Every structure is written in C-alpha cells, then in structure tokens.
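Worksheet: one structure, shown below.
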Amino acid sequence: MSENRERNWLISCRDASLGYDNKPVLEHLDIEIQEGEYICVIGENGSGKSTLIKSLLGLLKPVSGSVQINRRIGKGAVGYLPQQTQVQRNFPVSVREVVLSGFLNDMRFRPFYNKKEKQEARHHLEHLGIADLEKKCYGELSGGQQQRVLLARALCAADKILVLDEPVTGLDPMAANTLYESMELLHQEGMAVVMVTHDMGNALKYADKILHISDNGYFFGSVGEYKQSDYANMFLVK
Ligand code: ADP
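Take the sequence shown: its letter number 33 is residue 115 in the numbering used here, and every next letter is one higher.
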C-alpha cells in the first residue's frame with residue numbers, strides 16, 4: 083500500500099467478523115474506507131448491513147479481527163444518519179435545536195451552545211437549502227425536509243465521514259433525489275459517505291465503490307468492477 087493511501091484511510095476492517103454474542107453475521111471482512119470516498123452498501127434483508135454500520139460506528143465490537151477508526155481523525159469525525167422511527171418523526175422540538183444537538187458529544191458538561199456552534203449549525207442549514215425552516219417545529223416537516231435537517235445535524239457532529247442507514251426509505255422520489263443531490267454536493271466537497279441503500283440505480287450513479295454483502299461472502303470494489311461481477315448478476319444489474 084502506498085504511503086498516501088496509508089495516510090488517507092478513515093476506517094479500516096481487517097479480517098473482521100461482525101456479529102452478536104460471538105456469532106458472526108459477516109465474516110473475514112477486509113475493507114478500507116478512504117478519505118472522500120462514496121461507498122454504497124447493498125444486500126438482501128438480514129445480510130448484515132446494519133450490523134456493519136454499528137461496527138463502523140464503534141457501537142459493536144467485532145467478534146474477531148479489527149475495525150479501526152484512524153486515530154488521526156478521531157471518533158468525532160464520523161457522523162451518523164439513522165433510519166427514522168415514528169417517535170423521532172413527531173419530535174416536538176425546533177429544527178434549530180435538532181441541528182444543534184449534533185454538537186452534544188463535544189459539549190461535555192457545558193450547558194449551552196457557543197457562538198461558533200450556532201454559526202456552524204446555521205451554515206449547514208443554509209448549505210442544504212433549508213435555512214428557512216430553522217424556527218419551525220421538526221415534527222411538522224415533511225419526511226424529506228426532516229432527513230435534510232438530520233443531515234445538517236450529522237454535519238455538526240462530523241467533518242470527515244457520514245454514515246447513513248437507508249436514508250431515503252419512506253421518501254417520495256423527488257425528496258429522495260434532493261437528498262441524493264445534497265449527499266453528492268457534500269461528497270464533491272471532500273466528505274466520505276457510507277450509505278446503506280436498496281436503491282440500486284442511485285447507488286450506481288453516485289457511488290465510487292459498492293460493498294455488496296450476501297450470505298456467501300461480499301464484494302468490495304469500484305462500480306465498474308461491480309457491474310462485471312457475479313454479485314451484480316444476483317441483483318440483475320446490467
Ligand atoms: P440487514 O441490515 O442487512 O437487514 P442486520 O444487520 O439487521 O441485516 O441483521 C443481520 C443478522 O443479524 C440477522 O440474522 C439478524 O437477525 C441478526 N441480528 C440483528 N441484530 C441483532 C441483535 N441485536 N442480536 C442478535 N442478532 C441480531
């Protein structure tokens with residue numbers, strides 16, 4: 083591996099077996115997520131996509147092998163956009179509060195948000211084209227608006243890599259496309275993206291690499307390599 087490549091990795095899985103109670107769901111995973119890379123994770127339900135996401139976030143220890151976040155960037159560099167639950171959808175709090183809560187991890191015992199954090203939250207809202215929603219109640223927004231608010235929140239928590247678990251589930255096609263365009267904008271600015279998705283068309287359109295997980299193993303490589311692989315045939319990609 084070249085020195086440059088060595089320096090630029092963000093998360094590295096080395097012969098990692100991931101699962102629960104010593105029972106692996108996904109075995110011998112060797113992948114490295116590089117700075118600025120856009121990776122889509124696909125696979126059938128139950129194949130282990132969420133297990134992988136939990137492991138990348140450091141919420142689940144590997145059964146064996148290692149999952150490392152580069153110490154150079156630290157944990158604070160990883161932002162997470164979860165699947166939304168109904169309770170979160172109806173959350174009676176302002177958009178501004180939701181976005182600012184992305185800083186909670188950095189605050190320790192400080193009971194207020196500082197000026198820099200408020201400016202940064204505002205900047206992310208503007209950048210995603212939703213500054214006009216700032217004072218609205220989060221629970222009253224459309225699903226697509228809520229996802230962009232959560233994206234702004236994740237950006238407050240992270241500056242290097244965003245991890246997203248099926249972020250467009252439940253969104254209408256227009257709202258989904260807007261979210262994909264926002265992700266692409268962030269990616270072009272240098273953000274690494276790891277996104278679980280069932281939307282193969284957009285995965286192939288936007289991703290640099292595909293991680294396809296199946297019962298018999300996994301594929302990890304460029305979109306071009308993926309299209310030539312047997313894994314793509316499983317999902318009838320031509
Ligand atoms: P996907 O996200 O691809 O649908 P998951 O990662 O959620 O798949 O699940 C992969 C496997 O791990 C499934 O067989 C599931 O039943 C199992 N699993 C998921 N969460 C847990 C858990 N907390 N404890 C034990 N097994 C789990």
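Glycine included, every Cβ here is placed at the ideal spot set by N, Cα and C. Bear in mind that the values here come from a model prediction, so they are computed numbers and not experimental data.
Item, Value
"Stretch pair the segment 243-257 + the segment 296-306: three plus CB contacts closer than 8 angstroms", "no"
"For review: beta carbons within less than 5 angstroms of any heavy atom in ligand 1", "Tyr-102, Val-107, Asn-127, Gly-128, Ser-129, Gly-130, Lys-131, Ser-132 and Thr-133"
"Among Asn-90, Ala-213, Ser-148 and Lys-197, nearest to Gly-101 - alpha-carbon criterion", "Ser-148"
"Bridge partner(s) assigned by DSSP for Ala-98", "Leu-111"
"CB-CB length for Leu-232 against Leu-163, believed under 8 angstroms", "5 angstroms"
"Endpoints, the alpha helix (DSSP H) within which Asp-312 is located", "312-316"
"Cβ-based neighbour list, His-209, same chain, cut-off 7 angstroms, excluding 5 preceding and 5 following", "none"
"Residue environment, Gly-272, which counts as buried when at least 16 other CB atoms sit within 10 Å", "exposed"
"Between the CA atoms of Ala-289 and Gly-306 - distance to the nearest angstrom", "11 angstroms"
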